[in-house]
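Peer 1:
As structure tokens, then:
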């Protein structure tokens, strides 16, 4: 039995997202992230390739743990500058009909009332193609942008997020009944006030007493993405996430995360199939294995190792700038980093940065269409994931290559559907309607 | 000497903005505010008509002063539902090259660090066509959406806004030097860290210690719009506004506001020509005066007076629902409302609502192209305003009529330019470059 494979492109409204320095490649166009044409063209490419979605990461801070300064990130353009991802959605929706948009929004930096409205607006404008990647933040620099000295403690961030989710579910699901808008030109009644409900929320972190500003959008609650890997993060995902995005260096490691996530979902009364899991990968494809390998070697010449190390330092909170680039890898006194780096075969800190420079945290699959398809199929079957978030290397070449070379091969094998189903993003992903499944906690706040 | 006339369309991401009930008209399409096509088509129409900008109003609350409930506003769709205006910008930018976008953002509901990034992003994506209409909020219902019991006191809102402006100027003008981005593929330096400055802000209301997340956009600070009419609001406008939007029922009343605003600007060391003033009007045009009058009478049949009264109650804080619709107008015990209503010739509260139903707070000019052009010219010359914000009646018919009938007449008279000048919105409006004038307080925060 062939399981269908879900595909998201993984990008960010910036120059360098995961791969460090590839903006230096003569064919790279990521410098054009400021231009609408760049995004319109990417959206068209992905829809031509039947991608389920474009997943846009985001951080509202800067990677300044490395060397205790943002200098390395600035020099390498590593996730800085970083423009707002939500602003791209309506433009890309004008040139696509099916592509989903999974946008990262950070709970600490988005007041919920206005945020709920922005999400509903985009769900309306895209005709129900919006997903929200819920993040709780991890950079102290982002907290300083909000006038705080540092972030609140890790597990508390999830408590805050739980309260926030409850509030926005109430607005999205409970404020306006489906039949609230009557739009009767004759009688002059647009909405029936008896079917529009004021939300009272007195949570530990958020309070609100207001009606939602928007009438129901196609999906009401957007498709909820989440990527928490910690135990508290997995509990949060088990409760809220409809799609989870995981980073794992091997299919076996991914399988154990898949098991944990399905267990966490079951503990919240949800079924395994209520949660789709996407693994992070990066693909370098060409006509033949040899050509793909040459392409990878060509890409490698442009890597900036410092940018990768700045990224890794930001993720782990460990300043790798305290070590020289030629320091031996085993001298770095951080178990988290040693474990993240295992398998990269790096002898020095510089070699770590170089190895991470292609795809960042993503494992890289290189080869001909058949080889890449073999590897993706094996990855999916061994891990039990539902699909992949593909991190970019050279933009937009890597996605154009994938669509031109690998997509037809996956379709031939019956792994990718030949075209889009009609309906909202949630309907496309789960096949059970536009709205939250009855087992999802958000569904409990419905008023009709 | 003929003075050029500036033109903005005045709208909102909702059904009924100023005119109450005209969504009932068989030709009205405002119900489609949720659809991208509606906005793309409007943007194309306005650019074909050489409009300077589309000015999008916004409120993040609901008009619930009338009858102490949102019911009248909901029934008449008066500014509720109200979707996010920023989400529309990038889509409309894909189908236009010159049209400016003036978007309302409320300081109490937009944390400054993320807001500054969203603005910079949109200024990038539109190639420097963004204006921000700075508002401080006036509805307690919006404050309740933010978990507060009511708004802070009026003048304090402006003190908060002054601090906010200082902070965002520092981010927009001072964080990244013009020459910070080097983008040298060879050496692998994207940005020179020595030319990217951390902003330290320790204001009475806002604190921040961070670099701006965006490289300089074409205008850096967007064109600043403001509409404060109170003494404290005029002081704020005199300091910050590059464009001011005023509501006045007669050219004489407008002239006195123009004088006050130019005086307020001078008190902050700015020149009169540094501030462009737009008056609110609404136009019903047709081939002949008689046809236009018939059109106006046709529109009137669809007005919902309660929606107008809900709007007026929200603006003034006076519950007009406490009076019956057939109560005599002079019995309403509010000087503010009596003065706002003077000249409408209304004998009852209902007649006030009906009179406001076409154009809302805007005076309505009705007639043939020649008559409308005469009236606009006279309005401009007698008041000294630089142009107009035109509130809609039946959408999009009223703007299509204006572009088809009135624009050619104004061009023939040399009041409207025949085409767009190149450059950013600020360059188009002031003819002196993309960046803030040296006399503007924001210019004082430049680092290069």
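Chains as they are written, first to last, in our numbering: chain Y, -14 to 433; chain X, -14 to 433.
Heads up, the beta-carbon is just placed ideally off N, CA and C, and yes, glycines get one too.
(1) Rounded to whole angstroms, how far is the Cβ of residue 322 (chain Y) from the Cβ of residue 267 (chain Y), which I believe are closer than 8 Å?
(2) Just to confirm, does residue 308 (chain X) get its C-beta within under 7 Å of one of the non-hydrogen atoms of the ligand ZN?
(3) Assess, as a yes-or-no matter, whether the segment 338 to 352 of chain X is touched by the segment 421 to 430 of chain Y under the definition of 3 or more beta carbon pairs within less than 8 Å.
(4) I'd like to check one pair, residue 263 (chain Y) with residue 39 (chain Y): are the Cβ atoms closer than 8 Å?
(5) For residue 86 (chain Y), report the span of its beta strand (DSSP E) as first-last.
(6) So with Cβ pairs under 8 Å, would you call residue 211 (chain X) a contact of chain Y?
(7) Using a C-beta cutoff of 8 Å, does residue 185 (chain X) count as contacting chain Y?
(8) Compare the C-beta of residue 441 (chain X) with all C-beta atoms of chain Y and state if any pair is closer than 8 Å.
(9) Mind checking if residue 327 (chain X) is an interface residue toward chain Y, Cβ cutoff 8 Å exclusive?
(10) DSSP state of residue 150 (chain X), grouped into three classes?
(11) Does residue 27 (chain Y) come within less than 8 Å of chain X when only Cβ atoms are used?
(12) Is it true that the CB of residue 305 (chain X) sits closer than 8 Å to the CB of residue 333 (chain X)?
(13) For the beta strand (DSSP E) containing residue 196 (chain Y), name the first residue and the last one.
(14) Is there a Cβ from chain X that is less than 8 Å from the Cβ of residue -14 (chain Y)?
(15) The beta strand (DSSP E) with residue 38 (chain Y) in it runs from where to where?
(16) Roughly how many whole angstroms lie between the Cα atoms of residue 472 (chain Y) and residue 192 (chain Y)?
(17) Figure out for me which residue from X:35, X:253, X:44, X:201 has the closest Cα to the Cα of residue 389 (chain X).
(18) Taking 8 Å as the cut-off, decide whether the C-beta atoms of residue 116 (chain Y) and residue 410 (chain Y) are in contact.
(19) Quick check on DSSP: helix, strand or coil for residue 137 (chain Y)?
(20) Run through DSSP, which three-state label would residue -7 (chain Y) get?
(21) Cα separation between residue 178 (chain X) and residue 416 (chain Y)?
(22) In chain order, what residues of the same chain have a beta carbon less than 6 Å from the beta carbon of residue 212 (chain Y), not counting five sequence neighbours either side?
(23) For residue 439 (chain X), which of X:189, X:366, X:427 has the nearest alpha-carbon?
(24) Under 7 Å Cβ to Cβ from residue 181 (chain X), same chain only, skipping five residues before and after it: list those, please.
(25) Tell whether a beta-carbon distance below 8 Å holds between residue 105 (chain X) and residue 157 (chain X).
(26) Taking Cβ positions only, does residue 94 (chain Y) come closer than 8 Å to chain X?
(27) Scan the segment 175 to 200 of chain Y for residues whose Cβ lies nearer than 7 Å to a Cβ of chain X and list them as they occur along the chain.
(28) For residue 464 (chain Y), would you say it is in contact with chain X, using Cβ-to-Cβ distances shorter than 8 Å as the test?
(29) Helix, strand or coil: how does DSSP classify residue 219 (chain Y) here?
(30) By the criterion of Cβ-Cβ separation under 9 Å, what are the contact partners of residue 99 (chain X) in chain Y?
(31) For the putative contact between residue 349 (chain X) and residue 269 (chain X), defined by C-beta atoms under 8 Å, what is the C-beta separation to the nearest angstrom?
(32) Assess, as a yes-or-no matter, whether the segment 398 to 407 of chain X is touched by the segment 218 to 237 of chain X under the definition of 3 or more beta carbon pairs within less than 8 Å.
(33) When you compare the CB of residue 419 (chain Y) with every CB in chain X, is at least one pair closer than 8 Å?
(34) Could you check where the alpha helix (DSSP H) with residue 248 (chain X) kicks off and where it finishes?
(35) Which stretch, first to last residue, makes up the beta strand (DSSP E) that contains residue 117 (chain Y)?
(36) Suppose contacts are defined by Cβ-Cβ distances below 8 Å. Is residue 375 (chain Y) in contact with residue -6 (chain Y) by that definition?
Peer 2: Result, derived from the coordinates:
(1) Numbered from its first residue, the first chain carries residue 322 (chain Y) at position 337. Numbered from its first residue, the first chain carries residue 267 (chain Y) at position 282. Here residue 322 (chain Y) is actually not in contact with residue 267 (chain Y); their C-beta atoms are around 20 Å apart, not less than 8 Å.
(2) Among the components modelled here there is no ligand, and therefore nothing to report on the ligand ZN.
(3) no
(4) Position 54 of the first chain, counted from the first residue, corresponds to residue 39 (chain Y). Position 278 of the first chain, counted from the first residue, corresponds to residue 263 (chain Y). With a cutoff of 8 Å on beta-carbon distance, residue 39 (chain Y) and residue 263 (chain Y) are scored as not near each other.
(5) Sequence index remark: in the first chain, residue 86 (chain Y) carries index 101 (1-based). Start and end: 85 to 91.
(6) If you number the second chain from 1, residue 211 (chain X) lands on position 226. Taking Cβ atoms only, chain Y never reaches closer than 8 Å to residue 211 (chain X), which makes this a no.
(7) As a working mapping, residue 185 (chain X) is identified with position 200 in the second chain. No, residue 185 (chain X) lies away from the interface with chain Y (no Cβ there is under 8 Å from its Cβ).
(8) In the structure as shown, chain X begins at -14 and stops at 433. Residue 441 (chain X) is therefore absent and cannot be evaluated.
(9) Here residue 327 (chain X) corresponds to residue number 342 of the second chain, with the count starting at 1. Taking Cβ atoms only, chain Y never reaches closer than 8 Å to residue 327 (chain X), which makes this a no.
(10) For this step, residue 150 (chain X) is matched to residue 165 along the second chain. Residue 150 (chain X): helix per DSSP, three-state reduction.
(11) Taking the first residue of the first chain as 1, we reach residue 27 (chain Y) at position 42. No - not a single Cβ of chain X is within 8 Å of the one on residue 27 (chain Y).
(12) For the purposes of this step, residue 333 (chain X) is taken as residue 348 along the second chain, with counting starting at 1. For the purposes of this step, residue 305 (chain X) is taken as residue 320 along the second chain, with counting starting at 1. For residue 333 (chain X) and residue 305 (chain X), no; Cβs fall outside 8 Å.
(13) Locating residue 196 (chain Y) in the first chain gives position 211, counting from the first residue. Under the DSSP assignment, residue 196 (chain Y) falls outside any beta strand (DSSP E); it carries neither an H nor an E label.
(14) Position 1 of the first chain, counting from 1, holds the residue named residue -14 (chain Y). In this prediction, residue -14 (chain Y) has a pLDDT of 46, which is less than 50 and means its spatial position is unreliable; nothing more can be read from the coordinates.
(15) As a working mapping, residue 38 (chain Y) is identified with position 53 in the first chain. Its beta strand (DSSP E) spans residues 38 to 42.
(16) Not covered by the structure: residue 472 (chain Y). The range shown for chain Y is -14 to 433.
(17) Working through the second chain from its first residue, we reach residue 389 (chain X) at position 404. Ranking the options by Cα distance to residue 389 (chain X), first place goes to X:35.
(18) Within the first chain, residue 116 (chain Y) is the residue found at index 131, counting from 1. Within the first chain, residue 410 (chain Y) is the residue found at index 425, counting from 1. Yes, Cβ-Cβ distance for residue 116 (chain Y) and residue 410 (chain Y) is below 8 Å.
(19) Within the first chain, residue 137 (chain Y) is the residue found at index 152, counting from 1. Coil.
(20) Walking along the first chain from the start, residue -7 (chain Y) turns up at place 8. Residue -7 (chain Y) falls in the strand class under three-state DSSP.
(21) Walking along the second chain from the start, residue 178 (chain X) turns up at place 193. Walking along the first chain from the start, residue 416 (chain Y) turns up at place 431. About 49 Å.
(22) Residue numbering aside, residue 212 (chain Y) sits at position 227 when the first chain is read from its first letter. Answer for residue 212 (chain Y): 230, listed in chain order.
(23) Shown here, chain X extends from -14 to 433; a query on residue 439 (chain X) therefore has no answer.
(24) Residue 181 (chain X) sits at position 196 when you count from the first residue of the second chain. These residues qualify, in order along the chain: 160, 161, 165, 196.
(25) Against the second chain, residue 105 (chain X) aligns to sequence position 120. Against the second chain, residue 157 (chain X) aligns to sequence position 172. A contact, by the Cβ cut-off of 8 Å.
(26) By 1-based counting over the first chain, the position of residue 94 (chain Y) is 109. Yes, residue 94 (chain Y) counts as interfacial toward chain X.
(27) 175, 176, 178, 181, 191, 192, 193, 194, 195, 196, 198, 199, 200
(28) What the structure shows of chain Y is the stretch from -14 to 433, and residue 464 (chain Y) is not part of that stretch, so it cannot be assessed.
(29) For the purposes of this step, residue 219 (chain Y) is taken as the residue at position 234 of the first chain. Correct three-state label for residue 219 (chain Y): helix.
(30) Residue numbering aside, residue 99 (chain X) sits at position 114 when the second chain is read from its first letter. The CB of residue 99 (chain X) comes closer than 9 Å to the CB of 45, 69, 91, 94, 95, 130, 131 in chain Y, given here in chain order.
(31) Reading the second chain from its first residue, position 364 is the one you call residue 349 (chain X). Reading the second chain from its first residue, position 284 is the one you call residue 269 (chain X). Rounded, the Cβ-Cβ distance is 6 Å, consistent with contact.
(32) no
(33) The residue labelled residue 419 (chain Y) in the question sits at position 434 within the first chain. For residue 419 (chain Y), the answer is no, since every Cβ of chain X falls outside 8 Å of its Cβ.
(34) By one-based count along the second chain, residue 248 (chain X) stands at place 263. If you look at residue 248 (chain X), you'll find it in the alpha helix (DSSP H) that goes 236 to 252.
(35) The sequence position of residue 117 (chain Y) within the first chain is 132, counting from 1. For residue 117 (chain Y), the enclosing beta strand (DSSP E) starts and ends at 115 to 120.
(36) As a position in the first chain, residue 375 (chain Y) is number 390, starting the count at 1. As a position in the first chain, residue -6 (chain Y) is number 9, starting the count at 1. Taking 8 Å as the Cβ cut-off, residue 375 (chain Y) and residue -6 (chain Y) qualify as a contacting pair.
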